[in-house]
Each structure stands twice: as structure tokens, then as C-alpha cells.
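For reference, the structure discussed in these notes is given below.
Residue numbers (this note's numbering): 27 to 268.
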């Protein structure tokens, strides 16, 4: 992928998957869906899906206005891009309806994805205005808290894995159409081609955890977090093999 269409951190190199090879993996159930490399002009549609899925009504225990929820979703999206080396989007009737991002450490050492890049700069610009509102500050604090949970879950286990699935997102309005399975199976096939044997991802009880269980992933570690509003979330480190 060249810079005009790449969503990957500037310091990484990408083994892109051609549209032709992805198309051969299509299932009869969803012939209209095709997979292709993620482009920059896909960002707004995917950020909106992310906003509706996790940021539409709530931010850090505060009622989030549309600007706050959009900025939190945009920062989350770019945070995932900043540490990814693979990016594939599912397109239905000409519009993005899902995306899967991953980092293959066999080709791209994780330390390189931690270096400052354009995605990190974008995150700072996006979140800065939220420092001046209660909901914005609470939303940022909660994002940082979740990041700390993820770091605790993976602590001491990073060297076990060849790759990470950094974001897996499907438009909830078509969730029953097999798009998620199409995207995930395509990624696993690419993992096989480059020699990935064991991979991981983070998920929680606010997501479709059963999807990963049905595909044979294992709850390797978990941590329960109690929120100020009385609710709770269980976060998981999921481990899969190829």
C-alpha cells in the first residue's frame, strides 16, 4: 500500500492482500460483499460505525454529545491503526461495513509500531478539545484506564505471540449476514501464508465474545473492572492458533 491509501503506521511495511485473492474467499451467503485494502477515504464511515457501537450514548460515565463521542471514536480508531501492519475493509453496495486490523510481528516488530507516527499526532489533535469538558475528560480517562487493563493482561506474555488482531469491527445493522466471519477467516488465511502460529486480541463483555469462542479462541486471562455508575465489564485476553 502506498502512502496515499495506507492506514498503517508510517514506519511499518505492509504485505498487502490483493482484491483478487480476497474475492476468491467469498462465501455464497454474501456474494455482494468484497474485501479490499483499507483506504483513507474509508475512515469516516468506519469511525461512524465505531461511534455507534461503543460511543453513541455514553462517555466516561457522562452523557456524551455528538462531538465528544465522535472524537473518542476517532481517537480509538487511529490508536488501532498506529500499531497495525494489516488493514482490510469489507464493502457492501459500495460502502464500508466492517474492518479488521492486525499487526504481524514476524514482519513488523512491535517496537516499531510504538514509535511516534502520523496516527499518534492525529490522536493528540483529536482529543485536545475534550480536555475542556467534563464528559471529554472522563472519556479520555476511561480510555486510558482500559489501556492499562490491556497492558496488565498481556504483561509477561507478549513473546508467546506472532501477531495481534488490533481491531475487528462490523456494522451492527448487518451483523447477522456473515460479514464478520468473512473478514476474520480472510485474516487467518493471511496469517497462515506468512507463518503466524499463535495470535491474540483483547475483547470484553461489551462485545460479541461468543464469536471468538465459536472459532476456538481461549480466554487466556481476564480482569473485571467496576465502573463509577455501578456497572462492570470483564476484559479478556483471547488467544488463538492458526
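Beta carbons are placed, not taken as given, at the ideal position from N, Cα and C, and that holds for glycine.
Problem - Distance, residue 120 Cα to residue 259 Cα - result: Numbered from 1 along the chain shown, position 233 holds the residue referred to as residue 259. Numbered from 1 along the chain shown, position 94 holds the residue referred to as residue 120. If you take the alpha carbons of residue 259 and residue 120, they lie about 35 Å apart.
Problem - Through-space distance from residue 245 to residue 122, alpha-carbon basis - result: Against the chain shown, residue 122 aligns to sequence position 96. Against the chain shown, residue 245 aligns to sequence position 219. Roughly 30 Å between the two C-alpha positions.
Practice task
Tell me, to the nearest whole angstrom, how far the beta carbon of residue 115 is from that of residue 124; I am working on the premise that it is less than 8 Å.
Solution key: By one-based count along the chain shown, residue 115 stands at place 89. By one-based count along the chain shown, residue 124 stands at place 98. So it is a contact: roughly 7 Å between Cβ atoms.
Practice task
Assess, as a yes-or-no matter, whether the stretch 143–155 is touched by the stretch 228–237 under the definition of 3 or more beta carbon pairs within less than 8 Å.
Solution key: no
Exercise for the section: In the DSSP assignment, find the unbroken alpha helix (DSSP H) run with residue 269 in it and report its ends. Expected result: An answer regarding residue 269 cannot be provided, because it is not within the stretch 27 to 268 covered by the chain.
Handout entry: Nearest-angstrom Cα separation, counted from residue 118 out to residue 213
Key = As a position in the chain shown, residue 213 is number 187, starting the count at 1. As a position in the chain shown, residue 118 is number 92, starting the count at 1. When rounded, the distance between both Cα atoms is 18 Å.
Exercise for the section: Assign residue 231 to one of three DSSP states: helix, strand, or coil. Expected result: Counting from 1 along the chain shown, the entry for residue 231 is found at position 205. DSSP places residue 231 in coil when its eight states are reduced to three.
Practice task
Take the Cβ of residue 266 as the centre, count every other Cβ of all protein chains shown within 10 Å, and call the residue buried at 16 or more, exposed below.
Solution key: Looking up residue 266 in the chain shown gives position 240. Looking at its Cβ environment, which holds 16 or more other Cβ atoms inside 10 Å, residue 266 is buried.
Practice task
Identify whether residue 221 lies in helix, strand or coil by the three-state DSSP scheme.
Solution key: By one-based count along the chain shown, residue 221 stands at place 195. In the structure shown, residue 221 sits in coil (DSSP, three-state: anything other than H, G, I, E or B).
Practice task
Can you say whether residue 165 is buried or exposed, counting buried as having 16 or more other CB atoms within 10 angstroms of its CB?
Solution key: In the chain shown, the residue the question calls residue 165 occupies position 139. So residue 165 ends up on the buried side.
Exercise for the section: Kindly indicate which residue of 94, 75, 176 has the alpha-carbon position closest to the one of residue 162. Expected result: Here residue 162 refers to the residue found at position 136 when the chain shown is read from its first residue. Looking at the Cα atoms, 94 is the closest of the given residues.
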